Every structure is written in structure tokens, then in C-alpha cells.
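Here the structure comes first, spelled out in C-alpha cells, and everything after it is commentary.
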Amino acid sequence: MPDEERLIRRARECDPQALAMLYRRHVGAIYRYIHLRVGREDLAEDLTADVFLKMLEGIESFNYRGVPFAAWLFRIAHDRVVDYFRHQARKETVSLSERLSALGEGPLAMTEAALAGERLRQAFGRLTEEQQQVIVLKFGEGLTNAEVGRLLGKSEGAVKSLQHRALTSLRRFLEKER
Amino acid sequence: MVKKGLESLLDESLERLRKGEKLEPSAEELESLLELASRIQDISTPPTEAFVGDLEKRLVERARALQRARRRSFWERYLNSIFSLGRVRRWAAVLAVILALVLASAGTAIAAQSSIPGDPLYPVKKGTERLRLLVVRDPSRKTHLRLEFTRRRTEEIEALDDRGEEVEESILVELATETEETLEEIEVAPEGNRETLFEKLVHLTERQQEVLQRVYDRVPEQAKPALETALEVSSRSHERAREAIQRGRPEVPPGQEKKEGTSPPEDRGKGRDRH
Numbered sequence: 000m001p002d003e004e005r006l007i008r009r010a011r012e013c014d015p016q017a018l019a020m021l022y023r024r025h026v027g028a029i030y031r032y033i034h035l036r037v038g039r040e041d042l043a044e045d046l047t048a049d050v051f052l053k054m055l056e057g058i059e060s061f062n063y064r065g066v067p068f069a070a071w072l073f074r075i076a077h078d079r080v081v082d083y084f085r086h087q088a089r090k091e092t093v094s095l096s097e098r099l100s101a102l103g104e105g106p107l108a109m110t111e112a113a114l115a116g117e118r119l120r121q122a123f124g125r126l127t128e129e130q131q132q133v134i135v136l137k138f139g140e141g142l143t144n145a146e147v148g149r150l151l152g153k154s155e156g157a158v159k160s161l162q163h164r165a166l167t168s169l170r171r172f173l174e175k176e177r
Numbered sequence: 000m001v002k003k004g005l006e007s008l009l010d011e012s013l014e015r016l017r018k019g020e021k022l023e024p025s026a027e028e029l030e031s032l033l034e035l036a037s038r039i040q041d042i043s044t045p046p047t048e049a050f051v052g053d054l055e056k057r058l059v060e061r062a063r064a065l066q067r068a069r070r071r072s073f074w075e076r077y078l079n080s081i082f083s084l085g086r087v088r089r090w091a092a093v094l095a096v097i098l099a100l101v102l103a104s105a106g107t108a109i110a111a112q113s114s115i116p117g118d119p120l121y122p123v124k125k126g127t128e129r130l131r132l133l134v135v136r137d138p139s140r141k142t143h144l145r146l147e148f149t150r151r152r153t154e155e156i157e158a159l160d161d162r163g164e165e166v167e168e169s170i171l172v173e174l175a176t177e178t179e180e181t182l183e184e185i186e187v188a189p190e191g192n193r194e195t196l197f198e199k200l201v202h203l204t205e206r207q208q209e210v211l212q213r214v215y216d217r218v219p220e221q222a223k224p225a226l227e228t229a230l231e232v233s234s235r236s237h238e239r240a241r242e243a244i245q246r247g248r249p250e251v252p253p254g255q256e257k258k259e260g261t262s263p264p265e266d267r268g269k270g271r272d273r274h
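Going line by line, the protein sequences match chains A and B.
Numbering-wise, numbering that gives the first Met the number 0 puts 157 at position 158 of the first sequence, and it's gapless, one number per residue.
Numbering-wise, numbering that gives the first Met the number 0 puts 115 at position 116 of the second sequence, and it's gapless, one number per residue.
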């Protein structure tokens, strides 16, 4: 992706325009990924902001020839989410039912939908990092296999395979929960 | 083989769903995977436009601050290489006296002050300026000095162009850096002086932009990005100074202008109606 390489080179010099373009290109996927993991809009916004501020601090040392830029951003997002959960676990132990009751007292159907959503989020969190990235880019951002492959530095076949493994693993995790 | 078959079937089915096509009922296993994909789509929400816009603004501001800090650290390193910063305050007075004695001799001082980049006495002029900035402790005087030195940089570019000499990249970078630093100092200057300082900066940046536009076609190709940056910094500083002046003045309610109209018309809106 030579265009992205040029943008990154400019962004490393702290060029505001290049940074804004890179941000616009990836903010959707990163936000969706974090939102899928944490399930709360305000929290997803805070953590997304952290990711891009970290991107700004770290871009000088980013090596384009190593991991693709999108994968690098997903890694920062993953670490940030893990940090958040670790911190939460130390602070308090909140059970699933407590989290659901905090969502408000709606009709039973709403609570059931929230419960199903929460279970799906938890199962999503158990996938490998690569599987999570493919799921977000394919079903969240609606990208094709070729586009996902370009972003993550993988072949179309590898994306297809990751997608299948991700969905079967998700189904397995959800079945175990029942 | 069976796994490969399902993998492809799943992918084809997902692609058809992505395009909005309807699917015929198929194998149970495939259906459950497709349903799962659809549930993920349902709970995956995009960020709001307001959030995306706000965060972009924060990022751009942070990037600009980082850029400024980098430029500043370049100058600090440069100064450090000339003086040991830890001792600078102690020795500043002594150095000032020595430098004053040197400059007092014959026309060195005068000649140095009117020198431009490339002249043998130009480093003396720049050295004196740096020393003056280091010695002066009063923030208000320091800001006035910065304005004065930024004005000098602008005039130097004009003088180089008049002489038909090349305006080098380093001079343009310096102009942009000094303009930005001047703006930053004015923004934190004591309130009493701020408006006057902003007005001076408005006039100065107006002049700067005229000069930079004038030399645009004559600077070497490799210096063009620096010139564009200098123009951008100048124009941004101009706008920020004008906005600050406007913010600092009380709004006159519509229809009341005439009741208060004791000042001559040319004074009204001074610093506001430029551009």
C-alpha cells in the first residue's frame, strides 16, 4: 500500500494532515473492535481516543516493513482493552447479571437480547487476535476478503480461512455457555 | 476436503449477503454460522460523527504541539552547543558586558544589526538576539523582543530578494518557528498587553504573507515546502491573533452602534476589518 506508506512517512514527521487521514481511515474499525469487546459506547470512545493518542506518540518508531499499520493499531487497541479489563478486575468483580441490571430495567425481551449480546461479546473476546480483526473488518466494516487481506498483510485465502475458524469457534464458545 | 468446502460455501454465502442478495435454505451448519455473522453485524456499532470529529481535532492539535516541541528542542540543542544552559544565567551578565564592549567598538554593532543571512556579521546579529532573549527576564519585554526579531526575519527575506540572492530553506524554517513562538508567547502574555501585542502580530503576519508571496517563484525548488509551511504558519497566526482580538472586545448589540459612535469611523473595527 504505497499511498499508506507515504502517509506514514509524513505522519512520522508529525504532519497533522497525514495523521488526520490515517486516523479517518482506521477509526471505524478500531472503534468497532473496542466496542465489541467492552460493549459500552462511552468506554469505547475513551479507549479509542487512547489508541490514537498512543499512535501519535509511537508512530515515530513504527517500522512499515514489519507489521501492517492496521494490525499495529489493532495491537495497541488489544493491549488497551486488556489493560482496561485487568484494571477493572483489580478494582471490582462485576458479575454478568450485575452488568446487565446496570443496563436498565426494560422488558424481559430487552434483557434477553442484552444477555445474548453480552455472551456474544464475551465469546468474541476469546477468539485469537487475528480472528477478531477479521471479524471486525468483515462484518463490522463490511470489507471484502481482498481488502481485509491488504490491511492485515494476508492472502485472501488466509482471510477466508480465519473467518471460518472465527465463526466456528464463536459458535463453540456460545454452545458451551448454554 | 469437507472443511474446505464449507469454508468456501460460507464465504460465498457471506459475500452474497453483503451484496444484499437473498439466500436459499441450506445446510444447518452453514445456517448457524451465517446467523452468527448476522448477529455480530447487529451488535457492531460505528462511532458517532461527533466523536470522530472531536477526536480528530484533538489529534491534530496534539500533532501541532509535538511539531512545535520538536522545533523548539532543535533550538535548545543548538543553544546548548554554544553555551552550557545550566550556567547561562550566571554568565549571561558577564557575557553581555563582554559582547557590549566588542560591539561598542567602531561600527561593528551597527553593521551587524543591518546584516542579512550570508553576511559575515550575520552570526553576530543572531548571537546578540539570542543573548538578549536569555538575559531579559520580564516576560512582556521578552515577547516584544520576539516580535521585533520575527519582524527582522521578514525584512531579511525581503532584503535578500531585493539583492537578487537566494532565500534558503533554513531561513524560511526559522521564520515559521519564530512566528509560532511569538504567537505562543503572546497568548500567555499578561492581559493588559495582550491586545496590543496581538495587533502588532496581525500587522506583522500581513506583511510576512506579502513578502513570502512575492518571493514564492524565486525560492529554490527544495525550499518550496518550507516556504509553504511558513505561509501556513503565518496565515494561521494571523487568524488566531485576529480571533483573540475579537474575543477580547465586548460585543456591541445590533442597532446600538450609532449611539456609541463617538470614535472616528476609521478607528472602529481596527484590527478586525483587515482581510
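Here a beta-carbon is modelled for each residue, glycine too, at the ideal position from N, C-alpha and C.
Keep in mind that this is a model prediction, so the values were computed, not measured.
Item checked: Per-residue contacts from ARG38 of chain B into chain A (C-beta, under 7 angstroms) -> As a working note, residue 38 of chain B is residue 39 in the second sequence. Within chain A, the residues near ARG38 of chain B are LEU119.
Check: Nearest-angstrom Cα distance between ARG5 of chain A and LEU114 of chain A?
Finding: Position 6 of the first sequence, counted from the first residue, corresponds to residue 5 of chain A. Position 115 of the first sequence, counted from the first residue, corresponds to residue 114 of chain A. Their Cα atoms are separated by approximately 45 angstroms.
Note to self: Give me the subset of the segment 51-67 of chain A whose CB atoms are less than 8 angstroms from a CB atom of chain B, sorted by chain position.
What the structure shows: PHE51, LEU52, LEU55
Next item on the list: Select from A:PHE68, A:GLY124, A:ALA88, A:ALA112 the residue whose C-alpha is nearest the C-alpha of HIS186 of chain A.
Entry: With chain A running from 0 to 177 in the structure shown, residue 186 of chain A is simply not present.
Check: Which of helix, strand or coil does DSSP assign to LYS3 of chain B?
Finding: The residue given as residue 3 of chain B occupies position 4 in the second sequence. Interpretation of LYS3 of chain B is limited by its pLDDT of 49, a score under 50 that renders its predicted location unreliable; the figure taken from the coordinates is listed afterwards. Three-state result, LYS3 of chain B: helix.
Note to self: Helix, strand or coil, according to DSSP, for ILE115 of chain B in the structure here?
What the structure shows: Counting from one through the second sequence, the residue named residue 115 of chain B turns up at place 116. In the structure shown, ILE115 of chain B sits in coil (DSSP, three-state: anything other than H, G, I, E or B).
Note to self: Which residues in chain A have a C-beta closer than 7 angstroms to the C-beta of GLN221 of chain B? List them in chain order.
What the structure shows: Locating residue 221 of chain B in the second sequence gives position 222, where the first residue counts as 1. Result: empty, since nearest Cβ-Cβ is about 16 angstroms, beyond 7 angstroms.
Next item on the list: Report the neighbours of LYS175 of chain A on chain B: residues whose CB is nearer than 8 angstroms to its CB, in chain order.
Entry: The residue labelled residue 175 of chain A in the question sits at position 176 within the first sequence. Those do not exist, as LYS175 of chain A stays about 14 angstroms from chain B at its closest Cβ, beyond 8 angstroms.
Checklist line | Span separating the alpha-carbon of SER7 of chain B from that of LEU161 of chain A | finding: Here residue 7 of chain B is taken as the residue at index 8 of the second sequence, counted from 1. Here residue 161 of chain A is taken as the residue at index 162 of the first sequence, counted from 1. Their Cα atoms are separated by approximately 12 angstroms.
Margin query: In whole angstroms, give me the CA-to-CA distance for PRO67 of chain A and PHE73 of chain A.
Written below: For this step, residue 67 of chain A is matched to residue 68 along the first sequence. For this step, residue 73 of chain A is matched to residue 74 along the first sequence. Rounded to the nearest angstrom, the two C-alpha atoms are 10 angstroms apart.
Next item on the list: Closer than 6 angstroms by C-beta to GLY38 of chain A: which residues in its own chain qualify, once you throw out the five before and the five after it? Chain order, please.
Entry: Along the first sequence, read from residue 1 onward, the residue named residue 38 of chain A stands at position 39. The answer, listed in chain order, is ARG120.
Note to self: Among the candidates B:VAL166, B:ARG239, B:GLU231, whose CA atom is the shortest distance from the CA of LEU16 of chain A?
What the structure shows: Residue mapping note: residue 16 of chain A aligns to position 17 of the first sequence, counting from 1. With the sequence shown as reference, residue 16 of chain A is identified as Gln, and Leu is not the correct amino acid for it. Measuring from the Cα of GLN16 of chain A, the nearest candidate turns out to be B:GLU231.
Check: Where does VAL210 of chain B sit, in a helix, a strand or coil, going by DSSP?
Finding: For the purposes of this step, residue 210 of chain B is taken as residue 211 along the second sequence, with counting starting at 1. DSSP places VAL210 of chain B in helix when its eight states are reduced to three.
Checklist line | Three-way DSSP call (helix, strand, coil) for ARG57 of chain B in this model | finding: For the purposes of this step, residue 57 of chain B is taken as residue 58 along the second sequence, with counting starting at 1. Of the three classes helix, strand and coil, the one that applies to ARG57 of chain B here is helix, per DSSP.
Check: Residues in its own chain within less than 7 angstroms of ARG70 of chain B by CB, not counting five upstream and five downstream?
Finding: Reading the second sequence from its first residue, position 71 is the one you call residue 70 of chain B. Correct list, in chain order: THR176.
Note to self: Tell me the DSSP secondary structure of ALA64 of chain B in three-state form.
What the structure shows: The sequence position of residue 64 of chain B within the second sequence is 65, counting from 1. If DSSP states are grouped into helix, strand and coil, ALA64 of chain B belongs with the helices.
Notebook entry, point to check: CB LEU29 of chain B to CB LEU9 of chain B, shorter than 8 angstroms?
Noted result: For this step, residue 29 of chain B is matched to residue 30 along the second sequence. For this step, residue 9 of chain B is matched to residue 10 along the second sequence. Against a cut-off of 8 angstroms, the Cβ pair of LEU9 of chain B and LEU29 of chain B comes out as a contact.
Item checked: Contact set between ARG31 of chain A and chain B, taken where Cβ atoms lie within less than 9 angstroms -> Walking along the first sequence from the start, residue 31 of chain A turns up at place 32. Result: SER43, THR44, PRO45, PRO46.
Checklist line | Any chain B beta carbon closer than 8 angstroms to TYR22 of chain A | finding: Your numbering for residue 22 of chain A matches position 23 in the first sequence. Yes, contact with chain B.
Item checked: Helix, strand or coil at PHE61 of chain A according to DSSP, with G and I counted as helix -> Along the first sequence, read from residue 1 onward, the residue named residue 61 of chain A stands at position 62. Note: PHE61 of chain A maps to coil in three-state DSSP.
Checklist line | Distance between GLN245 of chain B and THR181 of chain B (C-alpha atoms, nearest Å) | finding: As a position in the second sequence, residue 181 of chain B is number 182, starting the count at 1. As a position in the second sequence, residue 245 of chain B is number 246, starting the count at 1. Their Cα atoms are separated by approximately 19 angstroms.
Checklist line | Proximal chain B residues relative to THR167 of chain A, where beta-carbon distance stays under 8 angstroms | finding: In the first sequence, the residue the question calls residue 167 of chain A occupies position 168. What THR167 of chain A touches in chain B: LEU32.
Notebook entry, point to check: Less than 8 angstroms separating the beta-carbons of ALA288 of chain B and LEU171 of chain B?
Noted result: A query on residue 288 of chain B cannot be resolved here, the shown segment of chain B reaching from 0 to 274 and no further.
Check: Hey, out of B:LYS56, B:ARG151, B:LEU130, whose CA is closest to GLU48 of chain B's CA?
Finding: Here residue 48 of chain B is taken as the residue at index 49 of the second sequence, counted from 1. That would be B:LYS56, whose Cα lies nearest to the Cα of GLU48 of chain B.
Next item on the list: For chain B, find out if any of its Cβ atoms is closer than 8 angstroms to the Cβ of GLY152 of chain A; answer yes or no.
Entry: Counting from 1 along the first sequence, the entry for residue 152 of chain A is found at position 153. Output row for GLY152 of chain A: interface = no.
Margin query: Could you compute how far the alpha carbon of ILE156 of chain B sits from the alpha carbon of TRP71 of chain A?
Written below: On the second sequence, residue 156 of chain B is found 157 positions in, with the first residue counted as 1. On the first sequence, residue 71 of chain A is found 72 positions in, with the first residue counted as 1. Distance between the alpha carbons of ILE156 of chain B and TRP71 of chain A is about 44 angstroms.
Next item on the list: Name the residue from A:GLY57, A:LYS175, A:GLU3, A:GLY139 whose alpha carbon lies nearest to the alpha carbon of LEU65 of chain B.
Entry: Residue mapping note: residue 65 of chain B aligns to position 66 of the second sequence, counting from 1. It is A:GLY57 whose Cα lies nearest to the Cα of LEU65 of chain B.
Next item on the list: Compare the Cα-Cα distances from SER37 of chain B to each of A:ARG11, A:ASP2, A:GLY116 and report the closest residue.
Entry: In the second sequence, the residue the question calls residue 37 of chain B occupies position 38. The candidate whose alpha carbon is nearest that of SER37 of chain B is A:GLY116.
Next item on the list: Determine whether the Cβ of THR47 of chain A lies closer than 8 angstroms to any Cβ atom of chain B.
Entry: By one-based count along the first sequence, residue 47 of chain A stands at place 48. With 8 angstroms as the cut-off, THR47 of chain A counts as an interface residue toward chain B.
Notebook entry, point to check: Which chain B residues sit within Cβ distance under 9 angstroms of HIS77 of chain A?
Noted result: Looking up residue 77 of chain A in the first sequence gives position 78. Those within 9 angstroms of HIS77 of chain A in chain B number zero; the least Cβ separation is about 16 angstroms.
Margin query: Measuring straight from C-alpha to C-alpha, what distance separates HIS237 of chain B and GLU194 of chain B?
Written below: As a first step, residue 237 of chain B is located in the second sequence; it is residue number 238 there, counting from the start. As a first step, residue 194 of chain B is located in the second sequence; it is residue number 195 there, counting from the start. Rounded to whole angstroms, HIS237 of chain B to GLU194 of chain B spans 13 angstroms at the Cα level.
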